[in-house]
Ligand SMILES: Cc1ncc(C[n+]2csc(CCOP(=O)(O)OP(=O)(O)O)c2C)c(N)n1
Ligand SMILES: Cc1ncc(C[n+]2csc(CCOP(=O)(O)OP(=O)(O)O)c2C)c(N)n1
Ligand SMILES: [Mg+2]
Ligand SMILES: [Mg+2]
């Protein structure tokens, strides 16, 4: 990876981080309707994975989907506007944080239903295989989702039918307010073995590692369609959703998170490779300016009209 | 196992066989309403497993449930009457072949929904654990059912919570009209490993093997509640249901079934152990007489009254 | 014009749709080599190969979700769920995914999938293989639900469903699979949401769909013998349903009976009756009477199942009551 | 008499039921250590231990099925499904298993389980976390469905549900969880299936349940200022529902409006309206008007969600229309 490529990954991670920090503030100010699940500490996963993807590849996501969405290249202003419920949002303000989608970028949607992204993505991968253009599909899901039966139905079918799907598990150790280890008697590596699906585990907080592993797996899948699993050990820094004070978490655990911060780790690697403070600061300034502009535009955008509720329930105007 | 015990297993298998052969004829004569899935060739599984069970243990079953039901000790006449849809049936003629149950014998029901027995039995096992009497729960399911997500949800929870449940898979290689190998990228031994659940495989057509393996597993579960898997390789002799001509099956495969017939294998073992033809014939005569009596009684029994439809939808008369 | 059976019409519609549109593909349990439990997909694997006809493992939720994802990625999947009772396993994918994607994504795309599934009794298949659950789906904004009552409609409605850009559930009736009927040489293109006057009349309106249409026609015969001319409306689709057609008929006949095979309480008929008790109130000369299954699981035995399913006699009794 | 909140009343009912009956146990996601997403089960793990309070993995189908199996084996499970939208994953266990076991096994036993789940909007939780799906369950013979509208009822109906020998779904309303209300020192024992006259009146009847009861009461206030006395009926349970009570009220007021937060089309209100358009036809002086959510997924933004949910104004407009 060239220093430039590495810096680009840094820039993307920082964009997600700053965007979510901005959302965090907007939420605290009462400007974000509904639930807000932040992926702070997990940015390396989607940025690393997306570095292996083209726009024609499809991804689908879960409730903690901001990073997945931004990494797939959606418009920042439309993203903010959506989460603020504005008419100019990517989904015209009807979806919000848990349902951001941009089909034009191959982003098939965040999802409020745990594990629902898996069959949708399996179907998308089937379409890719039938269309024969070498595109692939990626699904992001959490460790907690592994308890849902749908995961297994999809692992089975993806393997049976050699579908080009990358199962990306963001294993942050938590399922809402419970440690996932209390919810799972299995693990993804063992499931991978059970279904004969290629399995790789990476430090999900080291973006280069994620990118390298994803790159390899995806390249293979493009040539010969087949599923693969990428398990990323990562860290959920904030509560399950904003407003969750995480009383159930050990202070030691929380204190240790900083050392594994993916952005800090990437910055350190960049510095070790020769980038200086000024270069990092320049990236930060550029990112912050973009976020600020997007936020301002989104804040200034109009709310949807009430009459809009009935729009788009069906494609054709009702009979 | 004493010769007497062995002969008893034989008698039970033969009871199931003759009962199903009788049903087969009744079906051909148009006397059995609805679907009829016969378990001919699979009798050793429930007979072997049930030899380890008490009446207080619970079992639940699937669409191919006659053997499971009879082996749990339900009344033969009530069984026939149920399948014929008579008012005197175990379920007053409202369930039929796919829904025979006898709660008084711990038989929680056949089931028309593939894999539905698993969570019900998992719940029953949880109740047993809470009640602390050392009772256990058994679920019978087919190899095709392994593709349903519920199987995995239940393996996970049973292991997590150390539930005294025996998962009995009747692996007959078929899922309706398709070889199961085209539907499954995994296997139960691999799933057992993935979930850390004790797994045993037996020749499901050798009743002593089944009985021995089940006996061991169940004894362990009674002492220290924990799940276990017993996979029984077995043979579906008839079509998926009566009326299915099995055109999709190789004639070689069908021809080979006879050599693995569990009743023949048991008879041979009994003869090798000293039982003579006359003794076997005596068992057969006794079994046939019972089946005939049960059939006659069931045939003579009245149909339910139409007014009975609304009975028992709720326990208390409607408000 | 040729005579065909309902199940063959379904098969023909699938065949023609696959011929006309290479993005149409099939997925379901035992639909390939075996041609489907009811033979709706017979020969299609041979004709179009395993890249267009997927024999799926027993995993209804995944099958339905795969259809959603493939539809979002440019394909037109037609999924089969072997018995409507098993859509209990597909509900999340239908309701939270397929139905909502277009609206909650702000109209960006759509989910052009079809889910075919048979409902209804008559096979003594019992409580878990006979249910008519279309009322659930009709309650879900974003889904469409069609219920063909005869072979020609089975063809045309399935074609319309496949052509539709939104998710459509095609509910077939098991007891009708063997039904024979005329199939026009150039099958009608049906617009989903338009009803059909199955039999014109001036004294009372019976609204029905699926297998109940035939029962309503039989009841109309009985009434005709007494000089009462009953109009029978075949809704064809229950979501959307042709409110204008029903209202127009009611405004001529002033008496309404609604019939379906599903459980009466909280069934599709409730919506039709409720709507007419509002916008059609001034037209009503008598109570709106519904005919459906009693409030109990579908029993399996022959006599019980017969007593459970609606029939012409019960429709006649309902007509007599509203006309009294 | 003490004031309490709806969610605390739920918590108290669970606590008391667990104290009174050792076979009562709880199962659900994050209900133990975390006390539930809405804190309905707060402190219960500490009080009764992990043998009575099961923090389950994310597996709604299994959770529901486990409740069925435990209920068939002598226990009284109370399962929580975190949002009613997720019962899409539990439908098979509810509909094909819990609901049918007693009837299809010929009355041998019963399934004394409870499934608690919150429905409704007001939290801007969007299309997959706001749905009111009780009409599906009301359509299923064998299930009971209660929908408490206030803290005292939240207590009493949950106790009644736990005492009931058959499967009962307790639908709570998220927007009501913070509602304060009086809790009698000796809470009322409510019989499931009996409605409550929330406000007597002589000019029109509004039938409501859950959060819609408060909206109906507010509408009645508005109408009272104009001299129109509106009777508000709180159904308390929608399956079974108190047909006799509604008919009796209608026979005094002669005008009927039915309100709920669920989507209007094919909702619970359709059944009530349809039934009254039959057995109550002679009592009706005007159209039966329903008020519910429009036919669209629940939008998430504040203004859209407000416009989507029914409210007193829309009930007033409905009353004016039927009284016109
Ligand atoms: C079907 C379903 N069940 C439960 C929930 C509630 N819920 C939302 S997120 C979550 C935990 C998910 O944990 P994990 O998959 O590890 O993702 P993470 O939040 O850690 O990123 C739960 C239980 C849901 N949204 N959908
Ligand atoms: C949920 C569900 N899906 C599909 C079916 C239809 N079906 C009934 S039996 C069966 C095959 C089951 O195969 P297996 O579990 O191996 O049992 P076997 O018939 O071989 O004993 C299928 C697909 C069903 N009854 N329930
Ligand atoms: Mg997690
Ligand atoms: Mg099998």
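Residue numbers (the numbering used here), protein chains in the order written: chain E, 1 to 319; chain F, 1001 to 1319; chain Y, 2001 to 2324; chain Z, 3001 to 3324.
Using N, Cα and C, we set each Cβ at its ideal position, and we do this for glycine too.
Span of the beta strand (DSSP E), counted from its first residue to its last, around residue i
i: residue 1232(F); result: 1228 to 1233
i: residue 1140(F); result: 1137 to 1142
i: residue 3119(Z); result: 3114 to 3119
i: residue 1169(F); result: 1165 to 1171
i: residue 3005(Z); result: 3002 to 3005
i: residue 3196(Z); result: 3196 to 3199
Any C-beta of chain Y under 8 Å from that of residue i
i: residue 3139(Z); result: yes
i: residue 319(E); result: Because the pLDDT at residue 319(E) is just 41, under 50, the model does not fix this residue reliably, and the point stays unresolved.
i: residue 3098(Z); result: no
i: residue 1176(F); result: yes
Min CB distance residue i to chain Z below 8 Å
i: residue 310(E); result: yes
i: residue 1153(F); result: yes
DSSP-derived helix/strand/coil call for residue i
i: residue 27(E); result: helix
i: residue 3174(Z); result: helix
i: residue 264(E); result: helix
i: residue 1258(F); result: helix
i: residue 2205(Y); result: strand
i: residue 309(E); result: helix
i: residue 2292(Y); result: strand
i: residue 3324(Z); result: coil
i: residue 2028(Y); result: strand
Minimum Cβ-Cβ distance from residue i to chain F less than 8 Å
i: residue 3094(Z); result: no
i: residue 3025(Z); result: yes
i: residue 3189(Z); result: no
i: residue 2310(Y); result: no
i: residue 3051(Z); result: yes
i: residue 3014(Z); result: no
Residue i, enclosing alpha helix (DSSP H) - first and last residue
i: residue 1128(F); result: 1117 to 1131
i: residue 1068(F); result: 1066 to 1071
i: residue 3277(Z); result: 3268 to 3279
i: residue 33(E); result: No alpha helix (DSSP H) holds residue 33(E); DSSP gives it neither H nor E.
i: residue 1199(F); result: Note, residue 1199(F): premise wrong, no alpha helix (DSSP H); beta strand (DSSP E) at 1198 to 1203.
Within chain E, the residues that residue i reaches when beta carbons sit closer than 9 Å
i: residue 2166(Y); result: 313, 314, 315 and 316
Per-residue contacts from residue i into chain F (C-beta, under 8 Å)
i: residue 3142(Z); result: 1313 and 1314
Proximal residues of chain E, C-beta to C-beta of residue i below 7 Å
i: residue 1248(F); result: Residues of chain E passing the Cβ test: none, with the nearest at roughly 19 Å.
Amino acids of chain F, ordered along the chain, whose beta-carbon sits closer than 7 Å to that of residue i
i: residue 156(E); result: 1147, 1184, 1185 and 1186
Contact with chain E by residue i, beta-carbon distance below 8 Å
i: residue 2102(Y); result: yes
i: residue 3039(Z); result: no
Per-residue contacts from residue i into chain Z (C-beta, under 7 Å)
i: residue 1094(F); result: 3103, 3104 and 3106
Partner residues on chain Y for residue i, Cβ-Cβ distance less than 8 Å
i: residue 3290(Z); result: 2274 and 2278
Per-residue contacts from residue i into chain F (C-beta, under 9 Å)
i: residue 196(E); result: 1185, 1186 and 1190
(request) Please list the residues of the segment 35 to 67 of chain E that have a C-beta atom closer than 9 Å to any C-beta atom in chain Z, keeping them in chain order. (result) 35
(request) Determine which residues of the segment 3105 to 3131 of chain Z have a Cβ less than 9 Å from any Cβ of chain Y, and write them out in chain order. (result) 3126, 3127, 3128 and 3131
(request) Report the residues of the segment 3058 to 3084 of chain Z with a CB closer than 7 Å to any CB of chain C, ordered along the chain. (result) This model lacks chain C altogether, as its protein chains are E, F, Y and Z.
(message) Taking beta-carbon pairs under 7 Å, can you tell me which members of the segment 3254 to 3270 of chain Z lie near chain E?
(response) none
(message) Counting only Cβ-Cβ distances shorter than 7 Å, please list the residues of the segment 2228 to 2246 of chain Y near chain Z, keeping chain order.
(response) none
(request) Note down, in chain order, all residues in the segment 1115 to 1133 of chain F with a beta-carbon under 8 Å from any beta-carbon belonging to chain Z. (result) 1116, 1118, 1119, 1120, 1121, 1122, 1123, 1124, 1125, 1126, 1127, 1128, 1130 and 1131
(request) Check each residue of the segment 1223 to 1251 of chain F: if its Cβ is closer than 9 Å to any Cβ of chain E, include it; give the result in chain order. (result) none
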